[in-house]
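Asks: First the structure, then my questions, so here it is.
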Amino acid sequence: MNDAKPRNSAWGYGLSGPALALFLALLVLPLGLTLVLSFNQFDYTTGIQAGQYTLAHYLSLVTDSYYYEIFLRTFWISALVTLLCVLIGVPEALVLSRMGAPWRSIFLILVLTPLLISVVVRAFGWSLLLGADGLVNQAITALGGKPVKLLYTPFAVIIGLVHVMLPFMIIPVWTSLQKLDPAAEQAALSLGASQWTVFRRIVLPQIMPGVLSGTLIVFGLAASSFAIPGLLGGRRLKMVATMIYDQYLAELNWPMGATIAIVLLLINLLVMLSWNRLVERRYKRALGA
Amino acid sequence: MTFLLIDQLCKRYGDLEAVASSSLAIDKGEFVSLLGPSGCGKTTTLQMIAGFVEVTSGRIVLDGRDITHAKPASRGLGVVFQSYALFPHMTVRDNVAFGLQMRKVAKAEIARRVDHTLALVRLDKHAERYPRELSGGQRQRVALARALVIEPPMLLLDEPLSNLDAHLREEMQFEICRIQNEVGITTLMVTHDQAEALSISDRVVVMEAGRITQIDNPYQLYEHPSTPFISDFVGKANRLRGVQGANGMPQVAAQGPLTLSLRPEKIGLGPAGSGKLDGRINCRYFLGSQWLYRVDTSLGNLAVVSINDGSAALEEGSAVSLTWNDELLRVLDAGEVAA
């Protein structure tokens with residue numbers, strides 16, 4: 183038995199080898215290179231100075247209010263998108279889980295269909311609706327109102343992001359709803375609780391792990407999203423990912439782009455970890471490890 | 603004094619009649635079991651009383667008040683579910699306190715009553731634990747405490763013991779019995795286990811295919827089953843053919859219009875030629891306190907149970923004779939029905 187154990191673990195490493203290699207080659211390596219790049223000196227006339235390192239990019243990121251504003255905007259938009267996804271997704275998952283046999287699967291597939299369509303196609307769909315001469319504005323003018331600027335505003339970006347992110351909220355919440363014992367709700371009702379109290383005190387605490395993973399996925403994806411802010415926010419309403427793109431491809435300042443990318447990654451990690459800690463600490467003992 | 607009255611209660615799901623026009627009156631303080639195989643409508647009946655299932659027709663009257671269409675919350679009944687249905691994210695104390703919090707009872711009073719009830723179910727040492735940290739039997743007690751603490755007019759138990767292992771089940775049977783006696787609460791228990799129903803109920807209600815077919819005390823139910831189904835479902839029974847004897851008493855015969863039932867433990871075993879019917883032991887099973895013999899006779903294979911009183915058991919293949927008192931034969935069907 184004793185000599186079987188190391189062989190088993192070697193076998194395990196062997197099996198996970200391909201995945202590890204892929205992970206190292208496609209994630210860790212580029213990330214390392216990006217990190218190195220972010221410290222490289224850059225000159226607008228001669229480009230990247232190989233072998234010369236500086237903290238200048240990080241310093242300008244901290245001191246320049248231009249970057250500040252974009253980071254702030256990215257995080258409030260992501261937080262709002264996450265909140266909206268919770269407010270829409272949790273009730274939607276609840277309704278889904280209470281549906282009868284044929285409808286439940288039909289609506290679950292409907293919820294998932296947006297994932298089958300390219301983000302770019304969906305973003306263009308929204309810009310057709312929200313554009314200066316789009317369907318919404320046509321309706322407003324037809325009703326005698328003045329056209330409103332919708333596209334290239336935070337509003338358009340938020341709508342587009344919520345639309346894209348909803349499935350990522352609904353699926354984990356739906357999964358945790360499946361684990362609930364319907365008799366527990368009946369028990370609470372028989373003990374004199376109202377429907378609302380049952381939801382607040384019995385259902386909601388039990389689906390918190392699902393809501394937590396939903397919020398983590400949605401916030402992470404929204405804060406680093408590129409296509410939606412790029413297409414619905416336009417050139418003026420920049421978010422961090424579109425700013426990185428500009429640094430790389432318009433300014434050709436790769437080290438600056440790398441710096442912003444690294445900082446975005448760190449802040450994202452920090453926000454998600456502390457949120458996870460906060461919620462988990464509250465529910466960990468009650469919900470089991 | 604009728605406490606709970608179920609009058610012509612009926613539940614239909616489309617064309618399926620889950621409960622058909624069932625009536626039942628339960629007295630105050632009584633322990634009644636609703637016994638039947640799965641799918642007989644017993645759980646549906648309980649859920650209609652609890653208010654989780656809409657009544658198609660009929661009436662439910664609790665202590666003079668018509669609750670047929672009342673909301674579950676307003677009925678105030680104590681319900682114990684088969685799955686226990688504890689709130690997994692709350693401690694035992696919070697689980698039990700929930701019903702009192704819903705009734706806006708003062709904090710100090712809640713603490714006092716929760717402590718009292720937990721002591722009643724002997725869980726006072728586990729108040730701060732979470733349900734998943736408890737064993738099956740302990741969870742069962744929490745569910746019971748949670749239902750009892752609100753001092754409901756009536757306790758409804760839905761298959762309360764079916765998730766427990768055999769030893770614990772017996773222990774909890776007597777525990778439920780003790781608590782019910784101590785509190786004196788009117789109780790309706792749904793079960794598919796006849797031993798459970800017989801051992802702790804004052805009266806047993808048997809349901810078959812959505813209908814109540816017999817309401818009797820456990821002894822009467824066992825000794826005088828009113829349908830062939832009940833004679834098989836409650837305990838074991840041998841089916842025999844018979845004729846009406848001269849003295850009005852039924853008698854066993856090879857052919858006859860009557861369907862008779864004879865309990866295995868009512869049959870005595872003796873040496874070959876000494877009794878009413880000769881046979882040969884086909885096989886035997888040791889049940890601990892009893893021996894179960896399958897005996898081949900001219901009337902078919904019969905089950906015979908005898909007490910394990912320490913004497914040597916009969917060998918398989920040995921010739922025996924069966925004897926019984928004709929008074930213990932039960933007529934299940936007087937007509938020409940195939941056994």
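These protein sequences, in sequence, are chains A and B. For any residue, its number in the numbering used here is found by taking its place in the first sequence, counting from 1, and adding 182. For any residue, its number in the numbering used here is found by taking its place in the second sequence, counting from 1, and adding 602. No residue lacks a Cβ here, since even glycine has one placed at the ideal position from N, Cα and C. All values reported here derive from a predicted model rather than from experimental measurement.
Using a Cβ-Cβ distance under 8 angstroms, would Ile608 of chain B count as near chain A?
Replies: Within the second sequence, the letter at position 6 stands for residue 608 of chain B. No - not a single Cβ of chain A is within 8 angstroms of the one on Ile608 of chain B.
Asks: Given that Ser518 of chain A touches chain B, what residues does it touch there, using C-beta distances under 9 angstroms?
Replies: Here chain A covers residues 183 to 471 and nothing more, so residue 518 of chain A does not appear.
Asks: Would Asp246 of chain A pass as an interface residue toward chain B - the criterion being a Cβ-Cβ separation below 8 angstroms?
Replies: The residue you call residue 246 of chain A lines up with position 64 of the first sequence. Cβ-Cβ to chain B under 8 angstroms: no for Asp246 of chain A.
Asks: Can you name the residues that DSSP bridges to Ala905 of chain B?
Replies: Here residue 905 of chain B refers to the residue found at position 303 of the second sequence. Answer is B:Arg896.
Asks: With DSSP run on the structure shown, which of helix, strand or coil describes Gln857 of chain B?
Replies: Within the second sequence, the letter at position 255 stands for residue 857 of chain B. Note: Gln857 of chain B maps to coil in three-state DSSP.
Asks: Report the option in A:Met425, A:Val400, A:Gly199, A:Val330 whose CA atom is closest to the CA atom of Ala261 of chain A.
Replies: In the first sequence, the residue the question calls residue 261 of chain A occupies position 79. The shortest Cα separation from Ala261 of chain A among A:Met425, A:Val400, A:Gly199, A:Val330 belongs to A:Val400.
Asks: Between the segment 749-763 of chain B and chain A, which residues of the former have CB atoms less than 7 angstroms from a CB of the latter, in chain order?
Replies: Flagged, chain order: Ile752.
Asks: What does the Cβ neighbour count give for Val806 of chain B, buried or exposed, with the cut at 16 atoms within 10 Å?
Replies: To locate residue 806 of chain B, count along the second sequence from 1; it is residue 204. Answer is buried; the Cβ neighbour count reaches 16.
Asks: Given that a residue counts as buried once 16 or more other Cβ atoms are within 10 Å of its Cβ, and exposed if not, what is Ile478 of chain A?
Replies: Only positions 183 to 471 of chain A appear in the structure, and residue 478 of chain A is not among them; the question remains open.
Asks: Just verifying my parser: in three-state terms, what is the DSSP assignment at Glu619 of chain B?
Replies: Along the second sequence, one-based indexing puts residue 619 of chain B at 17. Glu619 of chain B falls in the strand class under three-state DSSP.
Asks: Please give me, in chain order, every unbroken run of the beta strand (DSSP E) with length at least 3 that falls completely inside the segment 760-831 of chain B.
Replies: Counting whole runs of 3 or more residues, the segment 760-831 of chain B contains the beta strand (DSSP E) stretches 788-793, 805-810, 813-818.
Asks: Once you ignore the five residues that flank Leu607 of chain B on each side, which residues in its own chain have a CB closer than 6 angstroms to its CB?
Replies: Residue mapping note: residue 607 of chain B aligns to position 5 of the second sequence, counting from 1. Answer for Leu607 of chain B: Ala627, Val663, listed in chain order.
Asks: Under three-state DSSP, which class holds Phe221 of chain A?
Replies: What you label residue 221 of chain A is simply residue 39 of the first sequence in a count that begins at 1. Phe221 of chain A: coil per DSSP, three-state reduction.
Asks: Kindly indicate the opening and closing residues of the beta strand (DSSP E) around Asp880 of chain B.
Replies: Position 278 of the second sequence holds residue 880 of chain B. Asp880 of chain B -> beta strand (DSSP E) spans 879-888.
Asks: Any chance you could list the alpha helix (DSSP H) runs of at least 4 consecutive residues sitting entirely within the segment 311-342 of chain A, in chain order?
Replies: Whole alpha helix (DSSP H) segments, 4+ residues: 317-324.
Asks: Measure the alpha-carbon distance for Gly738 of chain B versus Thr719 of chain B and round it to whole angstroms.
Replies: As a position in the second sequence, residue 738 of chain B is number 136, starting the count at 1. As a position in the second sequence, residue 719 of chain B is number 117, starting the count at 1. Taking the straight line from one Cα to the other gives about 18 angstroms.
Asks: Less than 8 angstroms between the beta carbons of Asp935 of chain B and Thr861 of chain B, yes or no?
Replies: As a first step, residue 935 of chain B is located in the second sequence; it is residue number 333 there, counting from the start. As a first step, residue 861 of chain B is located in the second sequence; it is residue number 259 there, counting from the start. Yes, these two residues count as a Cβ contact at 8 angstroms.
Asks: Go to Asn840 of chain B, then tell me how far its alpha helix (DSSP H) extends in each direction, as first and last residue.
Replies: Looking up residue 840 of chain B in the second sequence gives position 238. Element bounds for Asn840 of chain B: not the alpha helix (DSSP H) but the beta strand (DSSP E), 840-846.
Asks: Measure from the C-beta of Leu553 of chain A to each C-beta in chain B and report whether the shortest distance is under 8 angstroms.
Replies: Residue 553 of chain A is absent from the structure shown; chain A starts at 183 and stops at 471.
Asks: Could you name the residues of chain B that Ile384 of chain A contacts, counting a contact when the two beta carbons are closer than 7 angstroms?
Replies: Within the first sequence, residue 384 of chain A is the residue found at index 202, counting from 1. Under the 7 angstroms cutoff, chain B gives Phe689.
Asks: Would you identify the three-state DSSP class for Ser624 of chain B, choosing helix, strand or coil?
Replies: Residue 624 of chain B sits at position 22 when you count from the first residue of the second sequence. In this structure, Ser624 of chain B counts as strand in the three-state DSSP scheme.
Asks: Does chain B have any CB closer than 8 angstroms to the CB of Ala370 of chain A?
Replies: Within the first sequence, the letter at position 188 stands for residue 370 of chain A. Closer than 8 angstroms to some Cβ of chain B, the Cβ of Ala370 of chain A qualifies, so yes.
Asks: With 8 angstroms as the threshold, decide whether the Cβ of Ala672 of chain B is near any Cβ in chain A.
Replies: Sequence index remark: in the second sequence, residue 672 of chain B carries index 70 (1-based). It does not: the Cβ of Ala672 of chain B has no partner Cβ on chain A nearer than 8 angstroms.
Asks: In whole angstroms, what is the alpha-carbon distance linking Val210 of chain A and Ala203 of chain A?
Replies: The residue labelled residue 210 of chain A in the question sits at position 28 within the first sequence. The residue labelled residue 203 of chain A in the question sits at position 21 within the first sequence. Val210 of chain A and Ala203 of chain A: Cα-Cα distance of roughly 10 angstroms.
Asks: First and last residue of the alpha helix (DSSP H) that includes Pro364 of chain A?
Replies: Within the first sequence, the letter at position 182 stands for residue 364 of chain A. Counting along the chain, the alpha helix (DSSP H) containing Pro364 of chain A begins and ends at 364-372.
Asks: Does Val681 of chain B get closer than 8 angstroms to chain A when you measure Cβ to Cβ?
Replies: Counted from its first residue, the second sequence places residue 681 of chain B at position 79. Yes - at least one Cβ of chain A is within 8 angstroms of the one on Val681 of chain B.
Asks: Name the chain B residues that come within less than 7 angstroms of Pro387 of chain A, Cβ to Cβ?
Replies: Along the first sequence, one-based indexing puts residue 387 of chain A at 205. Result: His691.
Asks: What are the residues that DSSP puts in a beta bridge with Arg614 of chain B?
Replies: The residue you call residue 614 of chain B lines up with position 12 of the second sequence. According to DSSP, Arg614 of chain B bridges with B:Glu619.
Asks: My understanding is that Pro733 of chain B touches Pro690 of chain B, with C-beta atoms under 8 angstroms, so please give their C-beta distance in whole angstroms.
Replies: Taking the first residue of the second sequence as position 1, residue 733 of chain B is located at position 131. Taking the first residue of the second sequence as position 1, residue 690 of chain B is located at position 88. Indeed they touch by this definition, with Cβ atoms about 5 angstroms apart.
Asks: Can Pro674 of chain B and Leu371 of chain A be called in contact, C-beta distance under 8 angstroms?
Replies: Counting from one through the second sequence, the residue named residue 674 of chain B turns up at place 72. Counting from one through the first sequence, the residue named residue 371 of chain A turns up at place 189. Taking 8 angstroms as the Cβ cut-off, Pro674 of chain B and Leu371 of chain A qualify as a contacting pair.
Asks: Can you give me, in chain order, the residues of the segment 635-665 of chain B that have a beta carbon less than 9 angstroms from any beta carbon in chain A?
Replies: Of all residues in the segment 635-665 of chain B, Gln649, Ala652, Gly653, Phe654 have a Cβ within less than 9 angstroms of some Cβ in chain A.
Asks: For my contact list, Ile752 of chain B and Leu702 of chain B are in at a C-beta cut-off of 8 angstroms; report their separation, rounded to the angstrom.
Replies: In the second sequence, residue 752 of chain B corresponds to position 150, counting from 1. In the second sequence, residue 702 of chain B corresponds to position 100, counting from 1. The Cβ separation is near 6 angstroms, so the contact holds.
Asks: What residues match up with Ala921 of chain B in a beta bridge as DSSP calls it?
Replies: To locate residue 921 of chain B, count along the second sequence from 1; it is residue 319. According to DSSP, which records beta bridges pairwise, Ala921 of chain B is partnered with B:Arg882.
Asks: Going by DSSP, which residues form a beta bridge with Ile662 of chain B?
Replies: In the second sequence, counting from the first residue as 1, residue 662 of chain B sits at position 60. Bridge partners of Ile662 of chain B: B:Ile608.
Asks: As a quick exercise: from A:Ser376, A:Phe350, A:Leu446, A:Gly402, pick the residue whose alpha carbon is nearest that of Val293 of chain A.
Replies: Here residue 293 of chain A refers to the residue found at position 111 of the first sequence. Nearest C-alpha to Val293 of chain A: A:Phe350.
Asks: Using alpha carbons as the reference points, say which of B:Arg865, B:Leu931, B:Val933 lies closest to Ala905 of chain B.
Replies: As a working note, residue 905 of chain B is residue 303 in the second sequence. Checking every option, the nearest Cα to that of Ala905 of chain B belongs to B:Arg865.
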